[in-house]
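Everything on this sheet refers to the single structure shown next.
There are 2 protein chains.
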Amino acid sequence: MEKSALQKARAAYQPKLPAGLRGGVTIKEGAPTQSAGNQEEIKALFPNTYGMPIVEFVPTDQPCICEPMNLGIILSGGQAPGGHNVICGLFDGIKKLNPAGKLYGFLMGPGGLVDHKYIELTDAVIDEYRNTGGFDMIGSGRTKLEKEDQFESGLKIIRELGIKAVVIIGGDDSNTNACVLAEYYAAKNYGVQVIGCPKTIDGDLKNEQIETSFGFDTACKTYAEVIGNIQRDANSARKYWHFIKLMGRSASHIALECALQTQPNICIISEEVEAKNQTLDDIVTYIAEIVAKRAASGNNFGTVLIPEGLIEFIPAMKRLIAELNDLLADGKSLDGLTSESAAIYASLPESVAKQLTLERDPHGNVQVSLIETEKLLSEMVGKKLAVWKKEGKFVGKFAPQHHFFGYEGRCAAPSNYDADYCYALGQSAAQLVANGKTGYMAVVKNTTAPAAEWIAGGVPITMMMNMERRNGEMKPVIKKALVELDGAPFKTFAANRDEWAEKTCFVYPGPIQYWGPTEVCDEPTKTLQLEQKA
Amino acid sequence: MEKSALQKARAAYQPKLPAGLRGGVTIKEGAPTQSAGNQEEIKALFPNTYGMPIVEFVPTDQPCICEPMNLGIILSGGQAPGGHNVICGLFDGIKKLNPAGKLYGFLMGPGGLVDHKYIELTDAVIDEYRNTGGFDMIGSGRTKLEKEDQFESGLKIIRELGIKAVVIIGGDDSNTNACVLAEYYAAKNYGVQVIGCPKTIDGDLKNEQIETSFGFDTACKTYAEVIGNIQRDANSARKYWHFIKLMGRSASHIALECALQTQPNICIISEEVEAKNQTLDDIVTYIAEIVAKRAASGNNFGTVLIPEGLIEFIPAMKRLIAELNDLLADGKSLDGLTSESAAIYASLPESVAKQLTLERDPHGNVQVSLIETEKLLSEMVGKKLAVWKKEGKFVGKFAPQHHFFGYEGRCAAPSNYDADYCYALGQSAAQLVANGKTGYMAVVKNTTAPAAEWIAGGVPITMMMNMERRNGEMKPVIKKALVELDGAPFKTFAANRDEWAEKTCFVYPGPIQYWGPTEVCDEPTKTLQLEQKA
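Right, here's the structure in full:
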């Protein structure tokens, strides 16, 4: 396998560990915990894994010695930078406790456990992947672990390999399922532990216990790099408006973080759109007004950041889509649309309207994810400006360019932050297993401080749960963290956006640096810094 | 102006200079030169700037002292990383020769000279832009300097500011025009010198005298970073084929360099398509065959690099477009297409066919640049695979994703290579002026060696010229450097591509590093390394 110079040099990076995980490690337990909501229901569903204490790892003079442990590791869901380092941390953690311990990687996601597809992760394998991006070491997948026959099938290979615990790296759903599995194995007294690790580039798996989910740091910095480059181009050429869509279906954390890093002229935050009950026309008018204002001072250029999931956060669009789904499923004509929806439908560019009615998924539903929101918005802004031009309200030019960034950042080589954070998560997971824990998520806190001061530990997954309706059924789930409009990151953005809109305040973050001054290489995200300061 | 941590830290970088430009500098002249072709015609057109010697700067113990020089600088054409460093090098070069010298920046391109729009570039301005990307210090523009009234208008402000020489940073056309201007001022005995600097991210301004044009290094490394990230994602998710279009209308250097850096499964080189007289169907078949082959071994994923200008290099497409232009301009029906063109037209996806006939530029011509080649190809590949599936020749899945990278790299902060190279070019330009040269291009050679061993100097622009037909007229132009099919970079690619296609040999270059090991931070492009080795 040919490697780039950076891959080779970066392989030697030794992630920084919290003091609590460096030498001998002992465990400190807190008071019993409660779930985030619906305590009685969650407790009834998780009798064996409910109410456990938060734990923290602290240094001790005693050396770490325990029986050799065999562990299994699973990557679940979309790629996020740092996944390999969680595995490396787990591997080193197992070996530190007893070099005879083994780590097995289940292949292509949770399905690997069910179907008994795995490899042993030896020193040679692990060393190939230290500090690298991607999930290609063992692959990932989207199989949901939620049925008893899956749990029982998994148990067979777990027994065969003498596995003490399974570590599942995933987002909110995967961690919920990790807890369901932990509860099942505990209820059956199978003696198999299950530990979760918080991953998502979207940043929507966080709460009082989880400062951030891994990958968010690296992905946002990668997007911010190219957004900054585009902004510098916009400011040099002075003739294009760049509409930049950013990955993140359910939450706008990425768009917000990128806005804080790059100070674009416009950034739309889905959660605000929903809270303010804004219409598509409201958003289009907001953008067009800024374009017109900048044009009036001779600046026919700018940047607009758009979260991927925007359309589904616009209440009126959501209603239109729901009505379309009903009408089209029944083979009825569009005459059945309510007048509000009919008006919105009529306002859409032809290509989008066509797509909404013609291209449906196997269930007959409109395929919202196929809508090119960045082009939809720029087209509608262009139309509005053309009207304003005739009315004399807009004097200038409007030439849009379009970009969508997602795959560009999900598998970037982890930043120092993510490399360190993930490695510590992996080591924490090993310690949670060694200390007999199950139904826990590995966590590392205080990460805006230098790594030595980070605090590693574990949190019962049930503590983050409440009951929510999913596909018509009430289910125990980890609450998704959307952008909070009264949180410090959004408030900072909101306090500055008018200035950023009118003036050109672009910041150019540049590419992620692995060597060099610490303020360049080791800073966490603006989101995290602002949240911790607040 | 708020700055990122990287911007602040990077401002302090002191570009490495060739030994010949470090202390006292003296000039070494070679033998008289000839133009690349059409010697008699070029000589007749440039009686005052033809036949001058190549010059080289060498160290001397004599200190640099000369009269204070005032210079003007112009950025011409598209952005390229390092432009600001040329200006900084020029500024420092002027000040080193005599601190009383001044540098004026003409605003928004050559038009700034004609329209007398300029600013003085003081220490304070220069220091804001050291080692930064973009052309925003003074802006750029595409006004062509080619008419006498422009030259005369420019002369007025040149006289007013006491400017000794104008330095024009641009591509092949801009440097040709720089030479025309130099010749004009020389013929008129105005005593104003003109110096060019070789810039283009496309990499098509190079020859025996110019190793590379600046910006190519940084832009390619930025594209290779995100392509590498996408490849890692492809290799982790194992379910998408990524079609990645890369900027570069007339030459495929960027696509080729990115392929050498990242080892994708497929890279199309326009120059090869033209040389082999390939059809659109040939290209589609080539891609589909590789997709099918990989699918047969269970690999339903991969990457395809496509140069932006591909369509215009496909001989049959070129003929179709020419026929369409003729027919549509005369308001005739498409029945007038030749049978070959009619067949190609019929094979195009509906959206592309529509675009070719409906959307025309103000001159009535088909707008080739609007064709989304990456989607055109993936759609046609998908159709072919669907046919093959029915025939049992393809068993697998084909899910494409699309990307286009251009603006993401044109204004990136220059790599160490470009920062050093550009700074040396600027200092060379100052020395060329101090030595009384005009009609020269600043050059720096031997750049695959450590910077101290680089050789700085100047080359008469006429030396790179020949006569070519442009818009129906024979004109003196600098020969555009297309990808040479018998050159080492292409041959290296061609020797490896079958292996890269079938196996997964992805390399992940990662982001440009400014600090750290020299093999990570200071390596020139693969293209340059292979060319120099050959």
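Going down the list, the protein sequences come from chains A and B.
Heads up, the first sequence is in this note's numbering, so the first residue is 1 and it goes up one at a time.
Heads up, the second sequence is in this note's numbering, so the first residue is 535 and it goes up one at a time.
Ideal placement from N, C-alpha and C gives every residue a C-beta, glycine not left out.
All values reported here derive from a predicted model rather than from experimental measurement.
Asked                                                                                                                                                                                : Found
Jot down the residue ranges of each uninterrupted beta strand (DSSP E) in the stretch 597-628 of chain B, minimum 3 residues, whole runs only, in chain order.                       : 604-609
For a minimum of 3 consecutive residues, which ranges assigned as the beta strand (DSSP E) are wholly contained in the stretch 152-199 of chain A?                                   : 163-170, 193-198
Given residue 547 of chain B, which residues of its chain have a CB within under 6 Å of its CB, disregarding the five upstream and five downstream residues?                         : 665
Work out the CA separation of residue 979 of chain B and residue 409 of chain A for me, nearest whole Å.                                                                             : 36 Å
Starting from the N-terminal side, write out each stretch of the alpha helix (DSSP H) that is 4 residues or longer and does not extend beyond the stretch 551-604 of chain B.        : 553-556, 573-579
Counting only the same chain and skipping the five closest in sequence on each side, list residues whose C-beta sits under 7 Å from that of residue 416 of chain A.                  : 514, 521, 522
Runs of 3 residues minimum, wholly inside the stretch 994-1064 of chain B: which ones carry the beta strand (DSSP E) assignment?                                                     : 999-1004, 1007-1012
Which one of B:1053, B:877, B:751, B:640 has the shortest CA to CA distance from residue 984 of chain B?                                                                             : B:1053
Can you pull the chain B residues whose beta carbon is under 7 Å from the beta carbon of residue 236 of chain A, in chain order?                                                     : 613, 668, 669, 670, 673, 674, 945
Below 8 Å, how does it come out for the stretch 957-972 of chain B and the stretch 799-811 of chain B: are there three or more Cβ pairs, yes or no?                                  : no
Please list the terminal residues of the continuous beta strand (DSSP E) segment that includes residue 441 of chain A.                                                               : 440-445
Considering only C-alpha positions, which residue in the set A:336, A:326, A:347, A:342 is nearest to residue 360 of chain A?                                                        : A:326
What residues in its chain sit with their C-beta under 6 Å from that of residue 298 of chain A, if we drop five residues either side in the sequence?                                : none
Please report how far the alpha carbon of residue 784 of chain B lies from the alpha carbon of residue 874 of chain B, in whole angstroms.                                           : 25 Å
Quick check on residue 900 of chain B: does DSSP put it in helix, strand or coil?                                                                                                    : strand
Return the chain-ordered list of same chain residues with a C-beta closer than 7 Å to the C-beta of residue 61 of chain A, the five sequence neighbours on each side being excluded. : 24
For residue 239 of chain A, I'd like the list of residues in its chain whose CB is within less than 8 Å of its CB, leaving aside the five on either flank, ordered along the chain.  : 300, 301, 397, 399
Determine, for residue 230 of chain A, whether the minimum Cβ-Cβ distance to residues of chain B falls below 8 Å.                                                                    : yes
Beta carbon of residue 654 of chain B, beta carbon of residue 636 of chain B: below 8 Å?                                                                                             : yes
Checking contacts by CB at 8 Å: is residue 242 of chain A closer than that to chain B?                                                                                               : yes
Using DSSP with H/G/I as helix, E/B as strand and the rest coil, what is residue 266 of chain A?                                                                                     : strand
Could you give the distance in angstroms between the alpha-carbon of residue 601 of chain B and the alpha-carbon of residue 725 of chain B?                                          : 15 Å
Thinking just about the alpha-carbon of each residue, which of A:430, A:50, A:533 is nearest to the one in residue 71 of chain A?                                                    : A:430
Where does residue 401 of chain A fall in DSSP's three states?                                                                                                                       : strand
Of the choices A:405, A:138, A:171, A:404, whose alpha-carbon is the least far from that of residue 106 of chain A?                                                                  : A:138
From residue 854 of chain B to residue 868 of chain B, what does the alpha carbon distance come to, in whole angstroms?                                                              : 11 Å
For my contact list, residue 567 of chain B and residue 587 of chain B are in at a C-beta cut-off of 8 Å; report their separation, rounded to the angstrom.                          : 6 Å
Determine, using beta-carbon pairs with one atom in the stretch 180-199 of chain A and one in the stretch 150-159 of chain A, whether at least three such pairs fall under 8 Å.      : yes
At a Cβ threshold of 8 Å, is residue 539 of chain B touching chain A?                                                                                                                : yes
Whose CA, out of B:1018, B:544, B:1039, lies closest to the CA of residue 1064 of chain B?                                                                                           : B:1018
Taking all protein chains shown into account, decide if residue 22 of chain A is buried (16 or more other Cβ within 10 angstroms of its Cβ) or exposed.                              : exposed
Could you spell out where the beta strand (DSSP E) holding residue 654 of chain B opens and where it closes?                                                                         : 652-654
Would residue 1039 of chain B pass as an interface residue toward chain A - the criterion being a Cβ-Cβ separation below 8 Å?                                                        : yes
Assuming residue 201 of chain A and residue 80 of chain A are in contact, meaning their beta carbons sit under 8 Å apart, how far apart are those beta carbons, in whole angstroms?  : 5 Å
Should residue 1045 of chain B and residue 512 of chain A be called a contact, given that it needs their Cβ atoms to be closer than 8 Å?                                             : yes
Comparing the C-beta of residue 767 of chain B with each C-beta of chain A, is any distance below 8 Å?                                                                               : yes
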